[in-house]
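Asker: Numbering (our numbering), first residue to last: 580 to 1041.
Where a beta carbon is used, it is the ideal one built from N, C-alpha and C, also for glycine.
Given the structure is predicted, the values throughout are model-derived calculations rather than measurements.
Following this message is one structure expressed as structure tokens.
Now the structure itself:
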């Protein structure tokens, strides 16, 4: 395996390692099938024993940077973040000499997992061990902060927006530290920050970063333009978004499918369907082809306007072009039917999804449950929740919020309280919507939920 790593076949070496381990585990299982420890501590959720995996590597090869870094890289790529952490700690325990690449891979893993504090801790550990963070280190960390705004837990509902600000502030702090160490931020760095500010609605700050980027001699690329067009679109500044779009060609750049889809979606949400269709037609004249996301935006736009026939024609056109409807397409159609008070008809689409091997997601079921609740059909809503569980989807916070509100609106406050307790007992973390329902639909009606203070002792998600 170590030889394979040297020959630049790290993935093969790891697959061999896993294969050998599985053989070993099968043998061990036959020897001690009654051992409870082998089914708990030695096995993890990824389907193989991490400790055994590391031990098997210890037996077959000498652990080194050459063997460990490729292994960490593949584990991150395959999103085995818990295993990444264990391997990293094991490397430290065995006093294997780490390098900047090791730290960068682990930081990337934590950022992808949304564990920003742990990512920051690894950066500090890196410095303590005498390594200077590289441009890649800072880019990875800033990208993590910008993409995970508001992902953490708070103890007060109104702290959600504050944390989003804090994550962006942390990214900017890293950015300043990077500059202070004489590292010149590149296009990727600026794009991450511009995108983060645009997503949080801080367009002025994003534009300042854009100007700073240009002032430092860097050229904007299509990713920069896409982020800014998205920022203007979120602010409903369609004129400015279109001006940016029209200026892309003048800079020698080509708009990509993301550029078109961002602006098409903005036009559709603003009720400017004609403009959206013109943009779709413009795509046809360029080497950019509409994809499923393009059609989803347009179908959603027509359905919001109540133009069912036009939406249906678009759906046919999409499939005639060889594009297959996805779960988002169905969710858009389901939502439109539920808003029209046709939840039963919408439920028929759920059967169609299974026939076409399209797996419904939480949004699918929650939309139907919400539709039934809005219609006052609580029995059907509960039946849909039961179906959701039968079909392998556990109710999430949104599911419970919808049901709790539905029961409150029908005056069934005791039943709503029961659902609230069930949610907490399942370990689900209430979010801002939960608090608003409790406050507006329960307490303002004079009903104090009997929750033994649990709601006030748990953290809150965004």
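Going by other Cβ atoms of all chains shown within 10 Å of its Cβ, with 16 needed for buried, is residue 712 buried or exposed?
Answerer: It is buried - the Cβ of residue 712 has at least 16 other Cβ atoms within 10 Å.
Asker: Report the option in 987, 1012, 685 and 863 whose CA atom is closest to the CA atom of residue 719.
Answerer: The shortest CA-to-CA distance from residue 719 to any of 987, 1012, 685 and 863 is the one to 685.
Asker: Under the rule that 16 or more other beta-carbon atoms within 10 Å means buried, what is residue 673, buried or exposed?
Answerer: Classification for residue 673: exposed.
Asker: How would you call residue 876, buried or exposed, if buried means at least 16 neighbouring beta carbons within 10 angstroms?
Answerer: It is buried - the Cβ of residue 876 has at least 16 other Cβ atoms within 10 Å.
Asker: Only counting the same chain, and skipping five residues up and downstream in sequence, which positions put a Cβ closer than 6 Å to that of residue 810?
Answerer: 777, 782 and 785
Asker: Quick check: the stretch 939-947 against the stretch 983-993, are there 3 or more CB pairs under 8 Å?
Answerer: As far as the Cβ criterion goes, the stretch 939-947 does not touch the stretch 983-993, which means the pair count is below three.
Asker: So residue 840 and residue 872 are supposed to be a Cβ contact under 8 Å. How far apart are they, rounded?
Answerer: 5 Å
Asker: Exposed or buried, which one is residue 691 when buried takes at least 16 other CB atoms within 10 Å?
Answerer: buried
Asker: Taking 8 Å as the limit between beta carbons, can you name the residues of its chain near residue 1027, skipping five residues before and five after?
Answerer: 1021
Asker: Between the C-alpha atoms of residue 862 and residue 849, what's the straight-line distance to the nearest angstrom?
Answerer: 20 Å
Asker: From the DSSP output, in three-state form, read off residue 835 for me.
Answerer: Three-state result, residue 835: coil.
Asker: By a C-beta neighbour count over all protein chains shown, 10 Å radius and 16 as the cutoff for buried, is residue 1009 buried or exposed?
Answerer: Taking all protein chains shown into account, residue 1009 has 16 or more neighbouring C-beta atoms within 10 Å of its C-beta and is therefore buried.
Asker: At what residue ranges does the stretch 930-988 contain a whole run of the alpha helix (DSSP H), taking only runs of 4 or more?
Answerer: 941-953, 957-969 and 976-988
Asker: Is the stretch 893-902 touching the stretch 915-927, taking contact as three or more C-beta pairs under 8 Å?
Answerer: no
Asker: Is it right to say residue 764 is buried, meaning 16 or more other beta carbons lie within 10 angstroms of its own, or is it exposed?
Answerer: buried
Asker: Where residue 836 and residue 858 are concerned, what is the direct C-alpha to C-alpha distance, given to the nearest angstrom?
Answerer: 11 Å
Asker: Just to check my reading of the structure: residue 780 and residue 813 have Cβ atoms closer than 8 Å, yes? What is that Cβ distance to the nearest angstrom?
Answerer: 6 Å
Asker: How about residue 666 and residue 677: do their beta carbons lie closer than 8 Å?
Answerer: Between residue 666 and residue 677, the C-beta gap is not smaller than 8 Å, which leaves the two residues out of contact.
Asker: By Cβ distance, which residues of its chain are closer than 6 Å to residue 988, with the 5 residues on each side in sequence left out?
Answerer: Its chain contains no residue whose beta carbon lies nearer than 6 Å to that of residue 988 once the 5 sequence neighbours on both sides are disregarded.
Asker: Between which two residues does the alpha helix (DSSP H) containing residue 666 stretch?
Answerer: Here the alpha helix (DSSP H) through residue 666 covers 660-672.
Asker: Check whether the Cβ atoms of residue 717 and residue 753 sit closer than 8 Å, and answer yes or no.
Answerer: yes
Asker: Quick check: does the Cβ of residue 682 come within less than 7 Å of any heavy atom belonging to the ligand PLP?
Answerer: For the structure depicted, the ligand PLP is absent and the ligand set is empty, with no information on it obtainable.
Asker: Applying the 10 Å Cβ sphere with the 16-neighbour rule, what's the burial state of residue 671?
Answerer: exposed
Asker: So the candidates are 702, 957, 913 and 707; which of them puts its Cα closest to the Cα of residue 887?
Answerer: 913
Asker: Would you decide whether residue 917 is buried or exposed? Buried here means 16 or more other CB atoms lie within 10 Å of its CB.
Answerer: In summary, residue 917 is buried, with 16 or more beta-carbon neighbours lying within 10 Å of its beta-carbon over all protein chains present.
Asker: Starting from residue 648, follow the alpha helix (DSSP H) in both directions and report where the run begins and ends.
Answerer: 644-656
Asker: Can you look up residue 694 in the DSSP assignment and give me helix, strand or coil?
Answerer: The DSSP-derived three-state label of residue 694 is coil.
Asker: With H, G and I counted as helix, E and B as strand and the rest as coil, what does DSSP make of residue 867?
Answerer: coil
Asker: With DSSP collapsed to three states, give me the class of residue 781.
Answerer: coil
Asker: What residue range does the alpha helix (DSSP H) around residue 809 cover?
Answerer: 801-813
Asker: Would the beta-carbon of residue 980 fall within 8 Å of that of residue 1012?
Answerer: Cβ atoms of residue 980 and residue 1012: closer than 8 Å.
Asker: Going by Cα to Cα distance, which pick from 795, 973, 990 and 1019 is closest to residue 1005?
Answerer: For residue 1005, the nearest C-alpha among the options comes from 973.
Asker: For residue 825, is the classification buried or exposed, using 16 other Cβ atoms within 10 angstroms of its Cβ as the cut-off for buried?
Answerer: It is exposed - the Cβ of residue 825 has fewer than 16 other Cβ atoms within 10 Å.
Asker: On the DSSP letters alone, give me the boundaries of the alpha helix (DSSP H) that residue 912 sits inside.
Answerer: 906-918
Asker: Can you tell which of 797, 932 and 1003 has the C-alpha that lies nearest to the C-alpha of residue 970?
Answerer: 932
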